[in-house]
Every structure is written in structure tokens, then in C-alpha cells.
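Structure, as C-alpha cells:
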Amino acid sequence: GNFHHVIVTTDYGTTWSNPFNTDSTACISQYVISSNYPGSNKVVFVETRFITDSLAAGQIDNNVWYSLSTDGGVTWGPHINLTDYQPGDSVRAYCNVSALFDNNDNLHIVWAGRYIWHGNYYDASKIFHWDEVHNQISLVSQSTGIFSGGWWGWTNPNGYGSWRMPEEQPQLSVDYSDGRLYCFCCGQNATADI
Numbered sequence: 205g206n207f208h209h210v211i212v213t214t215d216y217g218t219t220w221s222n223p224f225n226t227d228s229t230a231c232i233s234q235y236v237i238s239s240n241y242p243g244s245n246k247v248v249f250v251e252t253r254f255i256t257d258s259l260a261a262g263q264i265d266n267n268v269w270y271s272l273s274t275d276g277g278v279t280w281g282p283h284i285n286l287t288d289y290q291p292g293d294s295v296r297a298y299c300n301v302s303a304l305f306d307n308n309d310n311l312h313i314v315w316a317g318r319y320i321w322h323g324n325y326y327d328a329s330k331i332f333h334w335d336e337v338h339n340q341i342s343l344v345s346q347s348t349g350i351f352s353g354g355w356w357g358w359t360n361p362n363g364y365g366s367w368r369m370p371e372e373q374p375q376l377s378v379d380y381s382d383g384r385l386y387c388f389c390c391g392q393n394a395t396a397d398i
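Take 205 as the starting number for the sequence shown in the working numbering and just add one per residue.
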């Protein structure tokens, strides 16, 4: 797999340090964001990583991992496997992740997950959400369409091209006036309010 390198400066670019590197997926998928909360020094590094060490499976068979820094990226906490999907599970994280810190400086992470259905890699998907307050995985989007159990499915039996899922590429945003979180996604559903 490819490697991610975290490189940090504390003196506006005069010197740099490399606190950690991490092995990643065949399809690079990472997200780094810092908190906008006044006085906070939180930074998060989120990535997807192989469930099994296979080049082909690495792009679609992933877990979501994150590391948190509370001192602006100088030191980092443990690298945590958020999803802990196993090879026999019917759900996998796809290579789309997003994160943000809300109005209360709490971390939120979203990702696109795919459902292994009839052996086709891309027929059904969901957007999942996790936050550090509740420490639970929940759904952002639910379908009333052709798949049961809240999965978004293709209405076109041929799908919409390689490396696409019915619901994918989530991006988080926060309304700082009232603290509401929004998840913008590509696919059959335009937006979902968390």
C-alpha cells in the first residue's frame, strides 16, 4: 500500500517534524482538519486502510482509522480503528472520508460504506456517521428505494460507471450560528441533515 506522512510545523514553516507515518490503501483516502473552536489545538487525521492486504480489495475493502492531536499536531494519540470491519462482514468502508469539529469542539467523522450484495462491489451503499460524544456509528442517509434495510441502490441496473456508488463522497459542514451539522453527498440523495 501507499504511505501517509504527517508533517508538522510550529514556527510557520521554518522547521518541520514528522510525528508519524501510516500504511494506507491502494486508493489514497485521507482527511486532515483542525478545530475552529476558540482556544482549541485539536487536529484529526482520518484515513481508510486495508482490511486485507490485497491491492485490488484495498480500494473497496477498508476500515476507517483516525488519530487525534490535542496540541496542534506536535504529538498524536493512538491510531484507532473506528469501524473494525472484519473479512467476513457484509459491510466495508469505501475510500471516502470526511471529518470536522463541531461548535463544542467534538469530533465527527463520516464515510461511505458499501454493502456486499450478489457479489457486485458497487450496487448498494450508505453514509455512516460517528462522533466522539456518543461513540456510536449511525446512519446519515436511509433509502426507501430498491434495497431493504436503508441501503441506497442503483435504479439503473448497470450502475453509473467504475468506482461509483449510489451514495458516496460525504463532506461535513457545520452552521456556526446554530450548531447544526450537514452532510453533503454525491448520488441519489443530495444532502442529509444529521
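C-beta atoms are modelled at their ideal positions from N, C-alpha and C, and glycine is treated no differently.
- Taking a contact to require three or more Cβ pairs closer than 8 Å, the segment 241-259 and the segment 274-286 qualify as touching.
- Beta-bridge pairing by DSSP links W334 to I313 and I341.
- Sequence-distant Cβ neighbours of S238 in its own chain, meaning closer than 6 Å and more than five residues away, are V247.
- With fewer than 16 other beta carbons inside 10 angstroms of its own, T213 counts as exposed.
- In the displayed model, L286 falls within coil according to three-state DSSP, outside both helix and strand.
- Spanning the alpha carbons of Q234 and I264 requires a straight line of approximately 14 Å.
- Rounded to the nearest whole angstrom, the CA to CA distance from F224 to D215 is 19 Å.
- Out of A297, H333 and N307, the CA that lies nearest to the CA of I313 is found in H333.
- Looking at the DSSP output, G391 bridges to E371.
- Here the alpha carbons of T287 and Y319 stand approximately 14 Å from one another.
- For the options V210, N267 and C390, the alpha carbon positioned closest to that of W367 is the one of C390.
- Of W220, L385 and N267, the smallest CA-CA separation from Y298 is found for N267.
- Here I331 is buried. Its C-beta has 16 or more other C-beta atoms within 10 Å.
- N310 is not a Cβ neighbour of V344, given a cutoff of 7 Å.
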